[in-house]
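The structure appears right after this line, and notes come after that.
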Amino acid sequence: MSPAQRSEPEPERFQVAFDGRALPATAGQSLAAVLLDAGIRSWRTTRVQHRPRGLFCGIGICYDCLLTVDGVPNQRACLVPARPGMTLSSTSPEHRPFETGEDTVD
Ligand code: FES
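Quick note: the sequence shown uses the numbering used here, first residue 26, plus one each step.
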């Protein structure tokens, strides 16, 4: 069997909704990858100075990539895999995981 004949099956393609906008996604992508593929570089702002935030570490450490997923706030977009029909929205400042102190990077 030649390498050309050993083709991988096509990954599942579907859409997710972000702030009312349909975005294409592929099975296996993180939500951050879906947003970046759509040209969206930031999806929340810092609480104090309202600076834009999106992907930073990409490995679940910094919490810069928070967003609301299917109504559950403060999900890390770099860790959550995309699934068909997900509804994403920008995380509002009142849903931050840290109730005291300033943003970690601002
Ligand atoms: S980008 Fe750092 S936790 Fe997601």
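Note that the Cβ used here is the ideal one computed from N, Cα and C, for glycine as well.
Model, not experiment: these values are computed from the prediction.
Open item on the list: Is D89 a contact residue of the ligand FES, with contact defined as CB to any heavy atom under 7 Å?
Closed with: yes
Task: C-beta contact flag for R66 and P49 at 8 Å - done: no
Task: Selected residue, minimal CA-CA separation from P36, among F43, A42, G110, Q54 - done: Q54
Open item on the list: Among G110, I84, S115, whose alpha-carbon lies nearest the alpha-carbon of T51?
Closed with: G110
Open item on the list: If distances are taken between C-alpha atoms only, which option among H75, L104, L56, E33 comes closest to L113?
Closed with: L56
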